[in-house]
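Mapping the sequence shown onto the working numbering, position 161 (from 1) lands on 842, and the numbers just tick up by one. Using N, Cα and C, we set each Cβ at its ideal position, and we do this for glycine too.
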Amino acid sequence: MANIPKIVFFDIDGTLLRSQDGHVAFNDAILKTFGIPGDIRTIRPDGKTDPIILQEIFDVAGHDVEWGQADLETFSRNLQECYTRAISEGPTRVRALAGVPELVRELSRLPDLSLGVVTGNMEVTARLKLQAAGVGEHIGPGAFGSDSANRNDLPRIAMERWRLHLDVPVEPRHCVIVGDTPRDLEAARTNGMKCLLVATGRYNPLEELRKLDADQLLPDFSDTPAAVDALLGLFG
Ligand SMILES: [Mg+2]
């Protein structure tokens, strides 16, 4: 009989890594796709999916843009191109947050534990960022902003992908969400999954996250053994 799977779904921005001047590629892709200027710095994107972020940027700028799935796919291709260029030529720099490479390496060595992502990024950008931060090789399937604008849909989609990938039944109790915002916790709760929050995001300090009563809370991932213990303790 197959072993019971354990899957950790990491959020990306503010949890695994941070992009310096990541707005350049995003704004370039908006201009290229929709022919109008938009600036991601005019909104607070944390914990939101890219489709929601796009709409908020248009709303704040007063642009009445009609767009659908085909536009989102064009945006995704443009974003991939702009992000690749921004990383290779500067100005964008992606760096793993403290302790993340060590934690991911340590977790990837554990038997019956798998690592995936649940993120609001489009899949193409998610993969680029993970690669640039040096953790891409350890992170398997996941769910992305390109799958649904509603973050609460994503854990279920990611779980289904892992069920197909592993070819064994995967249930919410086999999955743990790791994130840096109240939206990560909400997505976990909506799907009956446990959640570890880490206070390395830009807008949610430890004291604010403490009020949310997540299943585990860490200031950061700099203490690898403590982070591994905290995560493994969440699997039923
Ligand atoms: Mg985040």
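Rounded Cβ spacing between residue i and residue j (contact assumed at less than 8 Å)
i      : j      : result
Pro836 : Val799 : 6 Å
Arg722 : His704 : 5 Å
Phe718 : Val851 : As written in the sequence, residue 718 is Pro, which differs from the Phe given in the question. Not really, about 43 Å apart at Cβ, beyond 8 Å.
Gln736 : Leu809 : About 23 Å separates the two Cβ atoms, so there is no contact after all.
Leu890 : Ala911 : Actually they do not touch by this definition, with Cβ atoms about 14 Å apart.
Val857 : Val689 : 5 Å
Leu712 : Pro732 : Incorrect: roughly 17 Å between the Cβ atoms, too far for contact.
Val775 : Ala813 : 4 Å
Residue i, DSSP secondary structure in three states
i      : result
Asp865 : helix
Ala895 : coil
Phe690 : strand
Arg832 : helix
Val705 : helix
Val816 : coil
Val909 : helix
Ala710 : helix
Arg918 : Residue 918 falls outside the range modelled here, since the chain spans only 682 to 917, and no answer is possible.
Met682 : Residue placement at Met682 is flagged as unreliable, the pLDDT there being 45, under the threshold of 50; the coordinate-derived value follows with that caveat. Met682 falls in the coil class under three-state DSSP.
Residue range of the alpha helix (DSSP H) that includes residue i
i      : result
Arg891 : 887–891
Arg844 : 835–847
Arg808 : 804–813
Cβ neighbour criterion (16 or more within 10 Å) applied to residue i
i      : result
Ser769 : exposed
Ala751 : exposed
Arg832 : buried
Tyr764 : buried
Pro886 : exposed
Leu915 : buried
Gly873 : exposed
Pro906 : exposed
Met682 : With a pLDDT of 45 at Met682, under the threshold of 50, the modelled position of that residue is not reliable, and the figure given next carries that caveat. The residue in question, Met682, is exposed, as its Cβ has fewer than 16 Cβ neighbours within 10 Å.
Val816 : buried
Val859 : buried
Range covered by the beta strand (DSSP E) that runs through residue i
i      : result
Gly860 : 856–860
Worksheet item: Fully enclosed by the region 715–800, which alpha helix (DSSP H) runs are 4 residues long or longer?
Response: 731–742, 750–769, 781–789
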